[in-house]
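Below: the structure, in structure tokens.
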Amino acid sequence: MHERLMTQPHALRSPSKANSEKPLLVCFSHLRWDFVWQRPQHLLSRAVRHYDVLIIEEPMFKSGIKPHMDVSARPQGVTVAVPMLPEGLSREDVIAEQHDLVEALIGREPSGSRVFWYYTPMAMAFTSDFECDLCIYDNMDELSLFRGASQELLDLENALFSRCDLVFTGGMSLYEAKRSRHRSVHGFPSSIDFDHFSQARSIHEDPEDQAHIPRPRLGFFGVVDERMDTDLLVEVADLRPHWQFVMIGPVVKIDPATLPQRPNIHWLGGKHYKELPRYLAGWDVGFMNFALNEATKFISPTKTPEFLAAGVPVVSTPITDVVRPYGEKGLVEIARTAEEVVAKVETILARPRDAWLAKVDRHLAQGSWDKTWAAMHRLMLNAAGDAAGDRPAAASLPTYATTPAE
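This is how it looks when you write it as structure tokens:
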């Protein structure tokens, strides 16, 4: 159970935060805090050392309710606020209701120092007239290339680039694509919670739903969506029917009924972050079968260093931010076709691991989520002094951000 908090205008009324002297960091996110543990959770659970962190998620819709904000605490020290709206509202009314609920929660003008941290440009539609001392866009993905991306998203991202003081990118290929769009863009590729994932190296007991699956096992964990090359999975599974493919993760934006079924493909569903080392401990090879499409052009998969920290060798399709640096350093095997995947896996299964693992550990020692957050925070502190004076007014928003086209 999450601790429910009272919502009152212009403040978070958590007893632990009522007299807090920390600045407020308000994150606008298209990802649910309680979904897959990934970049936002890694960073913002560390931000609580310096800020009172409020995550404002996308709305949820239910019939027969009045608009309200569902506010609850999380064990990591953040507070999550979800706009709860009645079904059937127009797009214009959804934006207006979100605006009013956010204003009631934090106030249009800050009562103290506050930072806005955006993961979704769509939040600009209802936050552009709210004031902040520092505005940050942590650009995880090239959202415009995802299936169903709208012109409104592109226009709102342009408005966010105009407003924000700092842009962080989730990988170096995305940094290269975005660095000319803002005066202060900084690449922060996926980092690693080494202590958590390295537990897999000393675990020798399988979870119940994996224990019956024979070896060798090739595993994937993460969101299952249009970024996964299921055709490649089928081809490899058919070429090596005695290999077992363990696929972990929630299915999003695609019909689960379309997932390929084979005796040696095992869809185990989503697992909690804390459970992942137990599953990885029983895998012989990690399989990152990403499709090569627009949605994966600039991704920097967090799972790459997580596999490595767990001591699991990886075969990946040639995603740019996997090839550089992991493929070039010989830490990850790169394969484009099913035949290449088979050859790479057979190489991994036959080779000794000690020399490879020593090289992995030398590389992983260079980074951590703690170091990533510390570097981001230094940039934030440096930018905070003159940020508000340099920020353009919100007049650059597209007109349909508050009055959508029919």
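The end of the sequence shown is residue 1576 by our numbering, with every number in the run present. Glycine included, every Cβ here is placed at the ideal spot set by N, Cα and C. Since this is a predicted model, take the numbers as computed values, not measurements.
- Classified as buried, phenylalanine 1296 has 16 or more neighbouring CB atoms from the shown chains inside 10 Å of its CB.
- In this structure, Ser1332 is the residue among Gln1536, Ser1332, Asp1363, Gly1234 with its C-alpha nearest to the C-alpha of serine 1350.
- For valine 1502, no alpha helix (DSSP H) run applies, since DSSP gives it neither H nor E.
- With fewer than 16 other CB atoms across the displayed protein chains lying within 10 angstroms of its CB, histidine 1442 is exposed.
- Between leucine 1315 and serine 1470, the CB-CB gap reaches or exceeds 8 Å.
- The bridge partners DSSP lists for glycine 1439 are Ile1418.
- The C-alpha of tryptophan 1207 is placed about 20 Å away from the C-alpha of leucine 1534.
- Taking 8 Å as the upper bound for CB-CB distance, proline 1193 and tyrosine 1221 are in contact here, some 5 Å apart.
- Comparing alpha carbon positions, the residue from Gly1234, Leu1195, Met1230, Ser1260 closest to threonine 1249 is Leu1195.
- A contact is defined here as three or more CB-CB pairs under 8 Å, and the region 1420-1433 fails this definition with respect to the region 1514-1526.
- Counting C-beta pairs with one atom in each stretch, the region 1447-1464 and the region 1365-1373 have three or more that are closer than 8 Å, which means they touch.
- Judged by DSSP in its simplified three-state form, isoleucine 1306 adopts strand.
- DSSP lists Ile1225, Trp1287 as the bridge partner or partners of cysteine 1197.
- For isoleucine 1235, the number of other beta carbons within 10 angstroms of its own is below 16, and it is reported as exposed.
- DSSP places glycine 1497 in the helix class (H, G or I) of the three-state scheme.
- The region 1298-1305 and the region 1325-1339 touch, with no fewer than 3 CB-CB distances between them shorter than 8 Å.
- Lysine 1232 is a Cβ neighbour of glutamate 1257, given a cutoff of 8 Å.
- Put simply, the region 1520-1528 touches the region 1467-1483. At least three CB pairs are less than 8 Å apart.
- Going by C-alpha positions, methionine 1550 is about 14 Å away from valine 1218.
- Nearest in C-alpha terms to proline 1386, of all of Glu1405, Val1406, Leu1462, Trp1413, is Trp1413.
- Beta-bridge annotation (DSSP): valine 1241 is paired with Ala1251.
- Approximately 21 Å separates the beta-carbon atoms of leucine 1462 and isoleucine 1435; this is outside 8 Å, ruling out the contact.
- Secondary structure in the region 1324-1352: the beta strand (DSSP E) runs of 3 residues or longer, each lying completely within the stretch, are 1336-1339 in chain order.
- Residue pairing from DSSP places histidine 1356 in a beta bridge opposite Phe1338.
- Taking the Cα positions, valine 1421 is about 11 Å away from phenylalanine 1391.
- Closest in alpha carbon position to leucine 1324, among Asp1335, Asp1311, Leu1336, is Asp1311.
- Taking the Cβ atoms as the reference, tryptophan 1539 lies roughly 38 Å from aspartate 1408, outside the contact range of under 8 Å.
- In the DSSP assignment, the residues bridged to valine 1394 are Val1421.
- The C-beta distance from tyrosine 1307 to cysteine 1197 rounds to 11 Å, too long to fall under 8 Å, and the pair is not in contact.
- In the structure shown, the three-state DSSP call for leucine 1462 is coil.
- Secondary-structure assignment with DSSP links glycine 1456 through a beta bridge to Gly1389, Val1484.
- Contact between phenylalanine 1457 and leucine 1388 is confirmed by a C-beta separation of about 4 Å, below the 8 Å threshold.
- Within the same chain, and ignoring the five residues on either side of phenylalanine 1358 in sequence, the residues whose Cβ sits closer than 6 Å to its Cβ are Phe1338, Thr1542.
- Excluding sequence positions up to five before and after glutamate 1445, its CB lies within less than 8 Å of the CB of Pro1377, all in the same chain and listed in chain order.
- In chain order, Ser1215 place their CB closer than 6 Å to the CB of glutamine 1246, counting only its own chain and leaving out the 5 sequence neighbours on each side.
- Ranked by Cα distance from glycine 1440, the options Glu1375, Lys1467, Val1416 are led by Val1416.
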